[in-house]
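K.L.:
Quick one: structure below, then a few questions.
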Amino acid sequence: AVGVSLRTISTMENDKEIIGSQKQQIANLFEESLRAAFPDITDVQPLVAICNDPKHGDYQCNNAMSLWNKIKGKGTQFKGPQPVGKAIIENLPASEMIENCSIAGPGFVNIVLARQWIAKSLQKMLIDGIETWAPKLPVKRTVVDFSSPNIAKEMHVGHLRSTIIGDTLARMLEFSNVDVLRRNHVGDWGTQFGMLIEFLYEKFPNWEAGSAPAIGDLEVFYKASKQRFDNDAEFKERAQKAVVSLQGGDEKYRMAWAQICEISRKEFQKVYERLGVHLEEKGESFYNPYIPKALEMLNEKGLIEESEGARVIFIEGKKIPLIVVKRDGGFNYASTDLTALWYRLNEEKADWMIYVTDVGQREHFEMVFSAAKRAGWLPPNENDYPKASHVGFGLVLGEDGKRFRTRSTEVVKLVDLLDDAKKRCKAALEERGKTKDWTAEELEQTAEAVGYGAVKYADLKNNRLTNYTFNFDQMLSDKGNTAVYLLYAHARICSIIRKSGKDIEELKKSAAIDLAHPDERMLGLHLLQFAEIVEDACTNLSPHLVCEYLYNISEDFTKFYTNCQVVGSAEETSRLLLCEATAVVMRKCFHLLGITPVYKI
Ligand code: ARG
């Protein structure tokens, strides 16, 4: 169900009106009716939802009961919720959108949309572009904090999930005309840098005088320095001193730190390039200069207390307080996140801050957000803006049900994983035997699109909170709910249009869509639900809703294509346009999921 009042922003793009969701348009009609039929009741918003059972209608509006509860016993002329529902229908403004309404149960209004209106809307979208179907969201600027690996440490599968989920959320919000700040909150600060720098100096004395040292695999380097740290008291002491020097701004140590970060950054960048993801790095160190000021503000509000030598914030309902200054006087993960939140709100003027990490960090974010509420930085009600949301996700499991690892028991290297997916896809494509007349480049690009798409889709199709098992055979199968199946389905639709020999751009202007067959109407109706699905996926931060929708659309298409002849039929032009509308919607879904569509298979 959707409330009307939140979304009154009207947006224009290239002079073409953004229509928003169909559900919203229906809700607007019912809003008018409610105001006309019950002028005294101003606090009931139309609750419009997709009909549970398509036999009864396309949508339903469930307001009669709550209205009835407000007026009964107060001398009303109405005799129950059913007549209330009837009055709602009678007061609906005339609209070409609705074919008819009927009453069911305790005053539910079932709504059947007009076939001609569905057809007209599809046609308008084909001409004006699917951007006119962007949802209207009540936010202007969001920060999406995602990926965020740690310097010198492994970028593991958890970071892959964060990267994929965060990128999709950013894409969905960008499509909805929200200004998105894509932030990489890299872990580039902390005590580990002391031992890394000391180790660097030990192995490469005076490195800063010559050219940059070949640290090689930073992870191996990290492990070696850790070992030294754990087993050598003298080294440990030096490492601790190095932390103090670094934090004190010592030029030499700063340079070493920057050097180490740069090596990691190059590695991260390789993964982002493969995945087609871009983000802007504002790592933990970025917020350092702002921490004292942020903590001072919290202190002035009386939030910070002394506890066992540390400075902490107590949070209602939590046993352990949030430590903001450690016993040794240093700052930590929480001090940085509180400061980053302040910065995003006040310097960057974001009204929605979204954090994508594994569910293990839920508690941390709950505490940071609670502290921000206590400070008055965020409103007390979580549905009000500005708002902060933690987008948690589950683990990636291996076949053995344990955390996903390669045989060498090392955490899986992301780049290898993507290479592997691509290689397998290439082999599968060649095996199909249809690629003989393809150029090498075509084969390469298709293998990449399908391989990387498969990895992304296998992740995104699950409710993000559940753990999922990483299985190449499953995700690369061309049957079932996989990217491979969906990409092939899209390519097949494109080939139907190609083979018809018709100029689709010409048809968009000259031919009309008709949806006489029930399978045509069903497909058309579902295509029109695109905006509300994307809206739900944004509002609930749930990309799997888009995957579910994409899969359902392809099923609807199969049904239509099985039962309705396209090329050579009397309805050919209309049906080709319906094919085109399906391909356009599927393509936009792929785009939102960060998957590159293929046109030929
Ligand atoms: N670097 C952290 C990790 O690898 C994730 C950071 C998430 N973002 C944040 N603002 N805390 O677990």
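If you read the sequence shown in our numbering, its first letter stands for residue 4, the second for the next number, and so on. Virtual Cβ for every residue (Gly too), placed ideally from N, Cα, C. As the structure is a prediction and not an experimental result, all values here were calculated from the model.
Could you check if residue 375 belongs to the surroundings of ligand 1, using beta carbon to heavy atom distance under 7 Å?
P.N.:
Here the question's residue 375 lines up with position 372 in the sequence shown. Residue 375: no, Cβ never under 7 Å from ligand 1.
K.L.:
How long is the line joining the alpha carbons of residue 323 and residue 307, rounded to whole angstroms?
P.N.:
Working through the sequence shown from its first residue, we reach residue 323 at position 320. Working through the sequence shown from its first residue, we reach residue 307 at position 304. Going by the C-alpha atoms only, they are around 14 Å apart.
K.L.:
Taking the alpha-carbon positions, what's the residue 392 to residue 535 distance?
P.N.:
Start at 1 with the first residue of the sequence shown, and residue 392 comes out as number 389. Start at 1 with the first residue of the sequence shown, and residue 535 comes out as number 532. Each residue's Cα considered, the two are about 21 Å apart.
K.L.:
Is the Cβ-Cβ distance between residue 181 and residue 357 less than 8 Å?
P.N.:
Here residue 181 refers to the residue found at position 178 when the sequence shown is read from its first residue. Here residue 357 refers to the residue found at position 354 when the sequence shown is read from its first residue. Cβ atoms of residue 181 and residue 357: not closer than 8 Å.
K.L.:
With 16 other CB atoms within 10 Å as the buried threshold, where does residue 585 fall?
P.N.:
Indexing the sequence shown from 1 puts residue 585 at position 582. The C-beta of residue 585 has 16 or more other C-beta atoms within 10 Å across all chains shown, which makes the residue buried.
K.L.:
Which of the three DSSP states, helix, strand or coil, is assigned to residue 393?
P.N.:
The residue you call residue 393 lines up with position 390 of the sequence shown. Three-state result, residue 393: strand.
K.L.:
Just tell me which of 462, 477 and 479 has its CA closest to the CA of residue 471.
P.N.:
Here residue 471 refers to the residue found at position 468 when the sequence shown is read from its first residue. Nearest of 462, 477 and 479 to residue 471, Cα basis: 462.
K.L.:
Counting C-beta neighbours from all protein chains within 10 Å, is the total for residue 436 16 or more, i.e. buried, or is it exposed?
P.N.:
Position 433 of the sequence shown holds residue 436. By the 10 Å Cβ count, residue 436 comes out exposed.
K.L.:
Report yes or no: do three or more beta-carbon pairs, one from the region 168–178 and one from the region 132–152, lie closer than 8 Å?
P.N.:
With a cut-off of 8 Å, the region 132–152 and the region 168–178 count as touching, because enough Cβ pairs lie within range.
K.L.:
Just to confirm, does residue 188 get its C-beta within under 7 Å of one of the non-hydrogen atoms of ligand 3?
P.N.:
With respect to ligand 3, the structure offers nothing, as its ligand set consists of ligand 1.
K.L.:
Residue range of the alpha helix (DSSP H) that residue 356 falls in?
P.N.:
To locate residue 356, count along the sequence shown from 1; it is residue 353. For residue 356, there is no enclosing alpha helix (DSSP H); the enclosing beta strand (DSSP E) has its first and last residue at 355–361.
K.L.:
With DSSP run on the structure shown, which of helix, strand or coil describes residue 334?
P.N.:
Reading the sequence shown from its first residue, position 331 is the one you call residue 334. In this structure, residue 334 counts as coil in the three-state DSSP scheme.
K.L.:
Let's test the definition: count the other Cβ atoms within 10 Å of the Cβ of residue 589 and tell me whether it reaches 16, buried, or not, exposed.
P.N.:
Translated into positions along the sequence shown, residue 589 becomes position 586. Buried.
K.L.:
Taking the beta carbon of residue 360 as the centre, do at least 16 other beta carbons fall within 10 Å, making it buried, or is it exposed?
P.N.:
Sequence index remark: in the sequence shown, residue 360 carries index 357 (1-based). Residue 360 comes out buried.
K.L.:
Using beta-carbon positions only, say whether residue 499 and residue 582 come within less than 8 Å of one another.
P.N.:
Mapped onto the sequence shown, residue 499 falls at position 496. Mapped onto the sequence shown, residue 582 falls at position 579. A distance below 8 Å separates the beta carbons of residue 499 and residue 582.
K.L.:
Which residues does DSSP pair with residue 22 in a beta bridge?
P.N.:
Working through the sequence shown from its first residue, we reach residue 22 at position 19. BP columns for residue 22 are empty, so no partner.
K.L.:
Would you say the beta carbon of residue 275 comes nearer than 7 Å to a heavy atom of ligand 1?
P.N.:
Translated into positions along the sequence shown, residue 275 becomes position 272. No.
K.L.:
Following a CB-centred definition, is residue 389 positioned closer than 7 Å to any heavy atom of ligand 1?
P.N.:
As a position in the sequence shown, residue 389 is number 386, starting the count at 1. No.
K.L.:
If you scan the region 74–161 from start to end, which runs of the alpha helix (DSSP H) of 4 or more residues do you find wholly inside it?
P.N.:
84–93 and 118–131
K.L.:
How about the region 182–189 and the region 478–494: do they share at least three Cβ pairs that are nearer than 8 Å?
P.N.:
no
K.L.:
Taking residue 465 as the reference, which of 527, 421, 238 and 396 has the closest Cα?
P.N.:
Along the sequence shown, read from residue 1 onward, the residue named residue 465 stands at position 462. Checked all of 527, 421, 238 and 396; the closest Cα to residue 465 is 396.
K.L.:
Would you tell me roughly how many angstroms separate the C-alpha atoms of residue 69 and residue 142, rounded to the nearest one?
P.N.:
As a position in the sequence shown, residue 69 is number 66, starting the count at 1. As a position in the sequence shown, residue 142 is number 139, starting the count at 1. So the alpha carbons of these two residues sit roughly 29 Å apart.
K.L.:
Under 7 Å from any heavy atom of ligand 1, does the C-beta of residue 153 make it?
P.N.:
As a working mapping, residue 153 is identified with position 150 in the sequence shown. Yes, since a heavy atom of ligand 1 falls inside the 7 Å radius drawn around the Cβ of residue 153.
K.L.:
Could you check where the beta strand (DSSP E) with residue 310 kicks off and where it finishes?
P.N.:
Along the sequence shown, one-based indexing puts residue 310 at 307. That run of the beta strand (DSSP E) goes 307–310.
K.L.:
Counting only runs that start and end within the region 475–547, where is the alpha helix (DSSP H) found for 4 or more residues in a row?
P.N.:
Segments of the alpha helix (DSSP H) lying fully in the region 475–547: 475–478, 486–503, 507–513, 521–531 and 533–542.
K.L.:
What's the C-alpha gap between residue 344 and residue 294?
P.N.:
Translated into positions along the sequence shown, residue 344 becomes position 341. Translated into positions along the sequence shown, residue 294 becomes position 291. Going from the Cα of residue 344 to the Cα of residue 294 covers about 11 Å.
K.L.:
In the DSSP assignment, what are the bridge partners of residue 283?
P.N.:
The sequence position of residue 283 within the sequence shown is 280, counting from 1. Its beta-bridge partners are 186.
K.L.:
Let me check understanding here. Comparing Cα to Cα, which of 116, 364, 460 and 444 lies closest to residue 100?
P.N.:
Residue mapping note: residue 100 aligns to position 97 of the sequence shown, counting from 1. Ranking 116, 364, 460 and 444 by Cα distance to residue 100 puts 116 first.
K.L.:
What is the DSSP secondary structure of residue 64, reduced to helix, strand or coil?
P.N.:
Working through the sequence shown from its first residue, we reach residue 64 at position 61. Strand.
K.L.:
Would you check if the distance between the CB atom of residue 417 and the CB atom of residue 274 is smaller than 8 Å?
P.N.:
What you label residue 417 is simply residue 414 of the sequence shown in a count that begins at 1. What you label residue 274 is simply residue 271 of the sequence shown in a count that begins at 1. Contact: yes.
K.L.:
What first and last residue would you give for the beta strand (DSSP E) that runs through residue 51?
P.N.:
Here residue 51 refers to the residue found at position 48 of the sequence shown. Where residue 51 is concerned, the enclosing beta strand (DSSP E) stretches over 51–53.
K.L.:
Just the Cα atoms here: how many angstroms apart are residue 49 and residue 87?
P.N.:
Working through the sequence shown from its first residue, we reach residue 49 at position 46. Working through the sequence shown from its first residue, we reach residue 87 at position 84. About 13 Å.
K.L.:
CB of residue 360 to nearest heavy atom of ligand 1: below 7 Å?
P.N.:
Locating residue 360 in the sequence shown gives position 357, counting from the first residue. For ligand 1, at least one heavy atom lies less than 7 Å from the Cβ of residue 360.
K.L.:
Cβ of residue 353 within 7 Å of any heavy atom in ligand 1?
P.N.:
For the purposes of this step, residue 353 is identified with residue 350 of the sequence shown, where counting begins at 1. No, Cβ of residue 353 sits at least 7 Å from all heavy atoms of ligand 1.
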